[in-house]
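Asker:
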């Protein structure tokens with residue numbers, strides 16, 4: 001495997017329970033996460049995101065398939081590979097009877113010890129320094145989430161795995177955490193971000209895999225997925241004549257109209273002027289030409305709609 | 317491994333539970349001594365004066381202490397083991413720890429060792445305080461302490477008591493791993509403890525091979541081993557090594573089963 005692939009899964013499958021009555025949580029998952037990328041793992045609730053993260057971290061045992069972290073099979077020496085990784089797990093698990101600082105100390109000691117100054121640093125980064133001597137059971141969900149992020153930053157990991165990191169945070173906190181993830185990405189860290197929030201992935205990630213019912217239904221660069229969904233919307237003086245004329249042009253991939261007789265055309269962007277010229281030459285006046293860029297949300301809703309995209313799509 | 321055990325001690329030191337358990341154990345030892353002393357004082361010329369005196373004077377007084385520890389101690393170590401292991405599932409901290417690159421065998425070993433050491437410390441504290449208390453009452457009642465062959469008896473009894481506790485630590489740990497719940501594992505361990513007494517009692521009243529089954533139960537062998545803590549053991553006690561062997565076999569089975577389950581367990585959120 002090339003050195004620049006940090007996470008690679010090969011036919012990863014997880015079934016909970018027996019083969020006949022069990023639940024197939026993940027089916028034949030094949031993903032690659034490149035070093036230095038911010039990889040979004042997007043899917044609705046119960047699509048298998050947390051199970052996948054569990055398998056990456058050795059918490060859930062795969063039924064079949066394999067996982068490579070940093071180019072090494074996790075079956076060989078997972079603990080040493082995980083020491084190069086940090087994770088922010090869902091539900092922010094901590095000892096409720098310990099203070100925030102104590103919790104960080106506990107996990108620091110299990111890792112063989114770190115400097116106390118680093119604990120102060122990470123508490124400052126996540127804005128919990130003042131509350132660090134309060135017990136975690138007095139923390140709000142957002143504070144626990146911040147503490148979880150502080151813990152992930154304690155060591156200097158090459159790979160950071162975030163499972164729904166902005167859950168429970170207020171809008172200000174969400175912006176801060178997204179900024180933090182982006183800045184970690186700029187520092188060259190590899191980020192694996194699981195989220196059900198489309199705009200979060202859209203704003204933060206450069207690559208995305210869309211998961212639904214345990215299967216990756218699309219993956220590729222975020223911008224690539226968006227570009228693919230770009231269309232030209234036109235309003236013309238005679239929609240029916242325009243459609244019949246444009247149907248004959250071979251570089252137009254699709255052409256549709258809606259009930260308001262607006263025309264939607266999927267065609268190369270450098271041909272938009274040609275479309276306009278063709279219609280005008282035939283006496284059809286063009287009153288509107290607009291490029292419509294589907295958001296990732298549109299794309300997501302389209303691909304998870306069962307039946308529309310039955311097989312995996314690859315967007316390079 | 318030492319780092320992990322240190323962390324376990326740190327976590328336990330910050331909880332109320334181990335202190336409460338030690339206090340309960342201490343109370344179970346000191347209250348009978350205090351009650352015996354009050355009765356001894358108020359019944360100087362009474363019929364039971366010898367009984368009260370025996371409970372206050374060494375080495376007999378120590379025999380009472382050793383006999384009282386397993387009964388309550390079994391429940392207390394079950395609570396300690398289940399609480400130490402089970403809460404990690406409930407709080408999700410088990411996932412957090414393992415996700416940081418701690419191997420599962422190391423983690424469970426550190427848990428077992430920590431529970432064992434804390435139980436040992438708790439028993440030593442309880443016995444030491446009991447020894448101090450009965451030394452004082454011996455001096456008050458008899459004006460002297462007769463040690464005799466007390467040292468050998470003391471350490472042999474301590475060893476037997478700890479062996480009995482190891483079985484229940486192993487059992488509670490196994491059930492905590494299996495059931496992933498503190499409350500459930502405590503309940504099942506105590507149910508086993510009570511269930512064995514009932515089933516053992518019923519089986520011993522039957523005939524043939526059924527009547528032999530209780531000899532292989534934990535409770536029977538615990539009682540046999542604890543009977544040796546008496547300064548004047550009864551004559552029909554099974555060889556100590558047989559009871560010790562059976563208890564060790566149970567401990568081994570529970571520990572192996574706990575590892576087997578833990579290494580194959582899906583730790584979902």
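Chains as they are written, first to last, in our numbering: chain A, 1 to 316; chain B, 317 to 585. Where a beta carbon is used, it is the ideal one built from N, C-alpha and C, also for glycine.
Buried or exposed: where does residue 247 of chain A fall if 16 or more other Cβ atoms within 10 Å of its Cβ makes it buried?
Answerer: Exposed: under 16 other Cβ atoms inside 10 Å.
Asker: If you draw a straight line from the alpha carbon of residue 344 of chain B to that of residue 441 of chain B, how long is it in whole angstroms?
Answerer: Looking at the two C-alpha atoms, the distance is approximately 13 angstroms.
Asker: Can you check DSSP and say which residues form a bridge with residue 286 of chain A?
Answerer: For residue 286 of chain A, which the question treats as bridged, DSSP gives the partners A:236.
Asker: Could you run through the segment 402–416 of chain B and flag, in chain order, every residue whose CB is less than 7 angstroms away from some CB of chain A?
Answerer: Against chain A - using a Cβ distance shorter than 7 angstroms - the residues of the segment 402–416 of chain B are 407, 408, 409, 411, 412, 413, 414, 415 and 416.
Asker: In this structure, how does DSSP classify residue 196 of chain A when only helix, strand and coil are distinguished?
Answerer: Coil at residue 196 of chain A, not helix or strand.
Asker: Can you pull the chain B neighbours of residue 111 of chain A, defined as C-beta to C-beta under 8 angstroms?
Answerer: In chain order: 416 and 417.
Asker: Using 8 angstroms as the Cβ pair cut-off and three pairs as the minimum, do the segment 285–294 of chain A and the segment 374–381 of chain B touch?
Answerer: These segments do not touch.
Asker: Under 8 angstroms, do residue 496 of chain B and residue 405 of chain B count as touching if we go by C-beta distance?
Answerer: Yes; because the gap between Cβ atoms is below 8 angstroms, this pair is in contact.
Asker: Could you spell out the range, first to last residue, of the beta strand (DSSP E) harbouring residue 163 of chain A?
Answerer: From DSSP, the beta strand (DSSP E) with residue 163 of chain A extends over 159–163.
Asker: Give the interface partners of residue 580 of chain B over in chain A, defined as CB-CB distance under 9 angstroms, in chain order.
Answerer: What residue 580 of chain B touches in chain A: 61.
Asker: Tell me the rounded alpha-carbon separation between residue 214 of chain A and residue 256 of chain A.
Answerer: So the alpha carbons of these two residues sit roughly 33 angstroms apart.
Asker: Do you know whose CA, among B:347, B:335, B:585 and B:391, lies nearest residue 481 of chain B's CA?
Answerer: Ranking B:347, B:335, B:585 and B:391 by Cα distance to residue 481 of chain B puts B:391 first.
Asker: If I follow the unbroken beta strand (DSSP E) through residue 88 of chain A, where does it start and stop?
Answerer: Segment 85–88, the beta strand (DSSP E) holding residue 88 of chain A.
Asker: Note down the Cα distance separating residue 461 of chain B from residue 477 of chain B, rounded to an integer number of angstroms.
Answerer: Computed Cα separation, rounded: 24 angstroms.
Asker: Check each candidate in A:185, A:100 and A:5 and name the one with the smallest Cα separation from residue 135 of chain A.
Answerer: Nearest option by C-alpha distance: A:100.
Asker: Quick one: does residue 574 of chain B have its CB under 8 angstroms from some CB of chain A?
Answerer: Not an interface residue.
Asker: Residue 431 of chain B to residue 79 of chain A, Cα distance in whole Å?
Answerer: So the alpha carbons of these two residues sit roughly 24 angstroms apart.
Asker: Please list, in chain order, the chain A residues whose beta carbon lies closer than 9 angstroms to that of residue 322 of chain B.
Answerer: Correct list: 109.
Asker: Name the residues in the segment 482–498 of chain B whose C-beta lies less than 9 angstroms from a C-beta of chain A; which are they?
Answerer: From the segment 482–498 of chain B, no residue has a Cβ closer than 9 angstroms to chain A.
Asker: Just curious, the alpha helix (DSSP H) that residue 186 of chain A is in, first and last residue?
Answerer: Per DSSP, residue 186 of chain A belongs to the alpha helix (DSSP H) from 171–186.
Asker: With a threshold of 8 angstroms between beta-carbons, can residue 400 of chain B be considered close to chain A, or not?
Answerer: Judged by the 8 angstroms Cβ criterion, residue 400 of chain B is not in contact with chain A.
Asker: Which partner residues does residue 221 of chain A have in the DSSP bridge list?
Answerer: Bridge partners of residue 221 of chain A: A:207.
Asker: Going by the DSSP bridge assignment, what does residue 496 of chain B pair with across the sheet?
Answerer: According to DSSP, which records beta bridges pairwise, residue 496 of chain B is partnered with nothing at all.
Asker: If we call anything under 8 angstroms between Cβ atoms a contact, is residue 326 of chain A one with residue 69 of chain A?
Answerer: Since the first and last residues shown for chain A are 1 and 316, residue 326 of chain A lies out of range.
Asker: Cα separation between residue 324 of chain A and residue 9 of chain A?
Answerer: This structure cannot settle anything about residue 324 of chain A, because the visible part of chain A is limited to 1 through 316.
Asker: Are residue 225 of chain A and residue 40 of chain A close, meaning C-beta to C-beta below 8 angstroms?
Answerer: The answer is no: Cβ separation not under 8 angstroms.
Asker: Indicate whether residue 337 of chain B and residue 429 of chain B have their beta-carbon atoms separated by less than 8 angstroms.
Answerer: No, they are not a contact pair.
Asker: Does residue 216 of chain A pass the burial test, meaning 16 or more other C-beta atoms within 10 Å, or should it be called exposed?
Answerer: By the 10 Å Cβ count, residue 216 of chain A comes out buried.
Asker: Grouping DSSP H, G and I as helix and E and B as strand, with all else coil, what is residue 567 of chain B?
Answerer: Three-state result, residue 567 of chain B: helix.
Asker: Would you identify the three-state DSSP class for residue 266 of chain A, choosing helix, strand or coil?
Answerer: Strand, per DSSP.
Asker: By how many angstroms is the C-alpha of residue 536 of chain B removed from the C-alpha of residue 479 of chain B?
Answerer: Cα to Cα, residue 479 of chain B sits roughly 14 angstroms from residue 536 of chain B.
Asker: Counting only beta-carbon separations shorter than 8 angstroms, does residue 584 of chain B have a partner in chain A?
Answerer: Chain A contact via Cβ: present.
Asker: If you drop the 5 nearest sequence neighbours on each side, which residues of the same chain put their C-beta closer than 6 angstroms to that of residue 530 of chain B?
Answerer: Closer than 6 angstroms at the Cβ level, and outside the excluded window around residue 530 of chain B, lie 516, 519, 520 and 536.
Asker: By DSSP, does residue 580 of chain B sit in helix, in strand, or in coil?
Answerer: Three-state DSSP puts residue 580 of chain B in coil, outside helix and strand.
Asker: Alpha carbon to alpha carbon, how far is residue 457 of chain B from residue 371 of chain B?
Answerer: Cα to Cα, residue 457 of chain B sits roughly 11 angstroms from residue 371 of chain B.
Asker: Report the CB separation of residue 393 of chain B from residue 488 of chain B in whole angstroms; it is logged as a contact under 8 angstroms.
Answerer: Contact flag correct, Cβ pair sits at about 7 angstroms.
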